[in-house]
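**Student:** Structure below; questions to follow.
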Amino acid sequence: EGKLQDALECFQQALVIQERLAPNSLEVAIIYNNIGLVLKNQGDLERALVYLQKAMVIVNEPRLKLLPGHPLRLKCIYEMGQVYILQDSFGLALKQAEESISLLPDYKWAHILKGKALHGLGRYDDAIDSFDEALSRSPNYGDALAGKFESELAIAIQLKQGEELYYDALEGPAET
């Protein structure tokens, strides 16, 4: 419904209750993750990262015995990468994507995140390869198709600009 502030308040109330009942539990990590998502959607990226990192600390606790590819772990890594994309921290986003892929190679969202990060770094051919990886897992998936199109468009623009520079150089300096 777009009521982000209401959602944030509900999650904060749930956090108070859940921390009292079972501190550092998987439920607390889920609430941290949800608060991070709301903050990301509100544009409060620094605070979003804080909550997503808190969720990761809990998810990575050995006592929980979660599998490496546990959905919450992958979700936290992905969402942190998304925040890094929004902050134009493409190298950090790429690191998140690669971590996620190392945990679960078939996770299409990790390949999409990697493609977005590579696109942001200007590595358009590599970005296309990552989007193709996502599409191999989920053909015709809109986010992967859109990302691939953006990277192909960026390559076309680069080629066009290079062509214009080439023809400008052939013509020589303008006469005055």
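For my numbering, count along the sequence shown from 1 and bump the result up by 1164.
Backbone N, C-alpha and C fix where the C-beta goes; we use that ideal spot for every residue, glycine too.
Are the stretch 1223-1234 and the stretch 1275-1290 in contact at 8 Å, needing three or more beta carbon pairs?
**Tutor:** The stretch 1223-1234 is not in contact with the stretch 1275-1290.
**Student:** Taking the straight line between their C-alpha atoms, what separation do you get for A1320 and G1284?
**Tutor:** When rounded, the distance between both Cα atoms is 16 Å.
**Student:** Use the C-beta contact count for E1297: other C-beta atoms within 10 angstroms, 16 or more gives buried, fewer gives exposed.
**Tutor:** Its Cβ being crowded by 16 or more others within 10 Å, E1297 is buried.
**Student:** Exposed or buried, what is F1254 when buried is set at 16 or more other beta-carbons lying within 10 Å of its beta-carbon?
**Tutor:** Buried, since its Cβ has 16 or more Cβ neighbours within 10 Å.
**Student:** So for A1277, helix, strand or coil by DSSP?
**Tutor:** Reading off the sequence, residue 1277 comes out as Leu, not Ala. L1277 falls in the helix class under three-state DSSP.
**Student:** Alpha carbons only, please: which of A1291, N1224, I1195, D1307 is nearest the one belonging to S1315?
**Tutor:** When only C-alpha atoms are compared, the closest one is A1291.
**Student:** Assuming I1241 contacts S1264 (C-beta within less than 8 Å), just tell me the rounded distance between them.
**Tutor:** Between S1264 and I1241 the Cβ distance is about 5 Å, and since that is below 8 Å, they are a contact.
**Student:** If you follow the alpha helix (DSSP H) that G1255 is part of, which residue opens it and which one closes it?
**Tutor:** It spans 1254-1267 - the alpha helix (DSSP H) in which G1255 sits, taken as one unbroken run.
**Student:** Quick one: residues in its chain with C-beta nearer than 8 Å to the C-beta of L1309, no 5 flanking neighbours on either side, listed in chain order?
**Tutor:** Excluding residues within five positions, the ones whose Cβ falls inside 8 Å are F1295, L1299.
**Student:** If you reduce the DSSP assignment to three classes, tell me which class D1270 lands in.
**Tutor:** Reduced to three states, the DSSP call for D1270 is coil.
**Student:** With distance defined between alpha-carbon atoms, name the residue in M1220, M1244, Q1246, D1252 nearest to R1341.
**Tutor:** In the structure as shown, the chain begins at 1165 and stops at 1340. Residue 1341 is therefore absent and cannot be evaluated.
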